[in-house]
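Mature numbering (1 follows the signal peptide of the UniProt record, and there is no 0) puts the sequence shown at residues -24 to -1, 1 to 140. C-beta atoms are modelled at their ideal positions from N, C-alpha and C, and glycine is treated no differently. Owing to the predicted nature of the structure, the values given are computational and were not obtained by experimental measurement. Heads up: the structure comes next, in structure tokens.
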Amino acid sequence: MTLPSKLSIAALSLSFLSPVSALAVEKTVTSQYVDTSAYLTSEADIEAWYQLTRSLNQNFDAICGDTFCEGEYSNIESLRFRCSVNDQTGQLGQCVWVFAASNEEVDPATGAVTVDAQTWSCQVPLAPSTTIQQLLTALAGTSPLYATLPNTQTTIYEGLGDCL
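Printed below as a string of structure tokens:
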């Protein structure tokens, strides 16, 4: 075999390696954040999530009239409790609880109703690196609004005090 043919064989073998290295680069998986409902897969975890959101709504309804629902907005309603989860690690990105309320006034002379609508997006005071599993465990039960959040000394209730 002559030197040029050895070089040709070497060049040809290198050309076969290029697609393989390109495929290796394409297989690099980047994590992203998804909604909790897209992350949880087991029936037990899904039920724990829905129980948590139901219990939070019930807890809020039970205390609203004596706390947050006094004053200008007496009809605050919970709209949704939502969290983002890293799809690779299970760590929470953020949890927010969204509320809405309104205050209506009737003009006695014209009958016109003036509506002052308000919304709040209350961020849950999570500790960095909290996972969805830690949150589900810590807030399990009938009073998640008052349960201490993982790796913190605070509760969702205390976080609402800074928001509503």
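For L55, the enclosing beta strand (DSSP E) starts and ends at E53 to N62. In the structure shown, Q110 adopts helical secondary structure according to DSSP, grouped into three states.
Here V89 has E80 and V82 as same chain residues with Cβ atoms under 6 Å from its own Cβ, once five neighbours each way along the sequence are excluded. When C-beta atoms of the stretch 14 to 23 are compared with those of the stretch 35 to 50, fewer than three pairs fall below 8 Å, so the two segments do not count as touching. Only residues of its own chain outside the window of five on either side were considered, and among them T29, L32 and W73 have a CB closer than 6 Å to the CB of F57, listed in chain order.
Between L121 and Y133, the CB-CB gap stays under 8 Å. Per DSSP, the continuous alpha helix (DSSP H) segment holding Y26 begins and ends at E19 to C40. Cβ neighbours of Q8 within its own chain (closer than 7 Å, five residues either side excluded): D63. Close CB contacts of S119 within its chain, under the 8 Å cut and outside five residues either way in sequence, are with S31 and N35 (chain order). Shown here, E134 sits in a helix according to DSSP, grouped into three states. Looking at the backbone, the Cα of A116 and that of A123 are separated by about 9 Å. For the pair S78 and L68, the CB atoms are not nearer than the 8 Å cut-off. Taking all protein chains in view, the Cβ of V100 is crowded by 16 or more other Cβ atoms within 10 Å, so the residue is classified as buried. For S13, the enclosing alpha helix (DSSP H) covers residues T12 to Y15. DSSP lists S60 as the bridge partner or partners of Q70. DSSP places Y122 within a helical segment (H, G or I) once states are collapsed to three. When L111, A114, A38 and T65 are compared, the shortest CA-CA separation from V10 is found for T65.
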